[in-house]
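Residue numbers (this note's numbering): -17 to 349. All C-beta atoms in this analysis are idealised placements derived from N, C-alpha and C, irrespective of residue type, glycine included. These notes are about the structure you will find just below.
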């Protein structure tokens, strides 16, 4: 039987399982009820996703440091806590894994935990059908360590957390499936990836494009062509590490067919449930089904010269400026001059924006 304040906090977290906007308030209420200062949710696998999961509002800087500075890669508490969980200990407290000497000497404490006043820790572990998690709850030095009575209370809360987060995962899946359904209805070829670049789901349009030139092996988007495979991996890894940039889409040649164009972008928030780990979306353009507009259409739409229209089309097809210049039989500096004029006439200032504009006026082929 949960104490009344804890039960009310748990009830609020059950509501948060259906509405991501309620998580911070729910965690704050739980922390107040169990005598913790703050809490953060950390998955056992892909702990870098912590930055995207629920945590107390005052932990925003802490969560950013935990991920950005790489502490999740060598998390002292996780490294010693999870083996205990594997042996059946679902609640792990600070005194189970660390001594005052560790607090004094270990960089994990000296550089991260103690500066943020997170000396005392309790790990409430739980499982869902998808992952293992720990809800890490903290007290500062003045708050004192969590007790054996706290351990028993955390044990009672653990089962509720498992059900709450299982619900949130399912809601996230439904939200993302609906988003994919919208893309399917628009006949878009899209692949959802998690934060490690692994495939979660794809639309039927993307499935139709899988073959020798582009495929999925071991949940990775790749190719049977080694050069293409390296390029695809690099494009995904770049966005995982640094976010989107303004480069042109990746051009993937197909024997006897027009190329595929591949873009990697962050997942829009409306497709992303809080416990569904989609972080990237790969958009594919099949130039057989959606050919680029004609040079004549570009000239008419934007007042481009014939040379400018040719350069714009080559860039939109995934070529670099140097490759486009070679294809058009001109030097790179000449092509660069044309590109400046194209930017002015189309009211764009980056190649990626130009590509998006040109592709937006592409007429679809029926079928």
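Own chain, CB closer than 8 Å to residue i, minus 5 neighbours either side, in chain order
i, result
"residue 305", "296"
"residue 10", "38 and 39"
"residue 390", "Lying outside -17 to 349, the shown extent of the chain, residue 390 is not represented and no answer is given."
"residue 288", "277 and 281"
C-beta atoms of residue i and residue j nearer than 7 Å
i, j, result
"residue -13", "residue 15", "yes"
"residue -6", "residue 3", "no"
"residue 24", "residue 86", "no"
"residue -10", "residue 20", "no"
"residue 214", "residue 198", "no"
"residue 230", "residue 300", "yes"
"residue 146", "residue 196", "no"
"residue 265", "residue 245", "yes"
"residue 351", "residue 101", "There is no way to answer for residue 351, as the model of the chain reaches only from -17 to 349."
"residue 151", "residue 112", "yes"
"residue 249", "residue 298", "no"
"residue 240", "residue 269", "yes"
"residue 98", "residue 48", "no"
"residue 103", "residue 82", "no"
Neighbourhood of residue i by C-beta distance below 6 Å, restricted to the same chain and skipping five residues each side
i, result
"residue 148", "110"
"residue 67", "107"
"residue 12", "-9"
Cutoff 7 Å; reference residue i; Cβ partners in own chain excluding five residues on either side
i, result
"residue 323", "290"
"residue 293", "306, 310, 317, 320, 321 and 324"
"residue 137", "72 and 73"
"residue 346", "Caution is warranted here: a pLDDT of 40 is assigned to residue 346, below 50, making its placement in the model unreliable, and no coordinate value can be reported."
"residue 331", "325"
Contact belief for residue i with residue j at Cβ below 8 Å, rounded distance in angstroms
i, j, result
"residue 172", "residue 188", "6 Å"
"residue 36", "residue 5", "4 Å"
"residue 336", "residue 263", "With 8 Å as the limit, residue 336 and residue 263 do not qualify as a contact, their Cβ atoms being about 21 Å apart."
"residue 90", "residue 115", "With a Cβ gap of about 20 Å, residue 90 and residue 115 do not count as contacting."
"residue 121", "residue 128", "7 Å"
"residue 219", "residue 179", "7 Å"
"residue 327", "residue 285", "6 Å"
Closest Cα partner of residue i within the set the options
i, options, result
"residue 154", "230, 183, 199 and 126", "183"
"residue 232", "99, 223, 165 and 247", "247"
"residue 177", "271, 342, 33 and 0", "33"
"residue 95", "69, 54 and 201", "54"
"residue 267", "185, 139, 209 and 50", "185"
"residue 334", "303, 80 and 315", "303"
"residue 242", "202, 194 and 22", "194"
inquiry  = Runs of 4 residues minimum, wholly inside the stretch 202 to 241: which ones carry the alpha helix (DSSP H) assignment?
reply    = Given a length threshold of 4 residues, each whole run of the alpha helix (DSSP H) inside the stretch 202 to 241 is given here in chain order: 208 to 224.
task = Could you name each continuous beta strand (DSSP E) segment of 3 residues or more that falls completely within the stretch 31 to 80, going from the start of the chain to the end?
result = The stretch 31 to 80 contains these whole beta strand (DSSP E) runs: 73 to 75.
request  = For the stretch 308 to 341, list the alpha helix (DSSP H) runs that are entirely contained and at least 4 residues long, ordered along the chain.
outcome  = If only complete runs of 4 or more residues are kept, the stretch 308 to 341 shows the alpha helix (DSSP H) at 314 to 328, in order along the chain.
task = Would you list, in sequence order, the uninterrupted beta strand (DSSP E) runs of no fewer than 3 residues that lie entirely inside the stretch 141 to 186?
result = Restricted to the stretch 141 to 186, the beta strand (DSSP E) segments that are unbroken, complete and at least 3 residues in length are 171 to 176 and 181 to 184, listed in chain order.
inquiry  = My parser needs the alpha helix (DSSP H) runs of 4 or more residues fully inside the stretch -10 to 28; what are they?
reply    = Fully enclosed alpha helix (DSSP H) runs of 4 or longer: 5 to 16.
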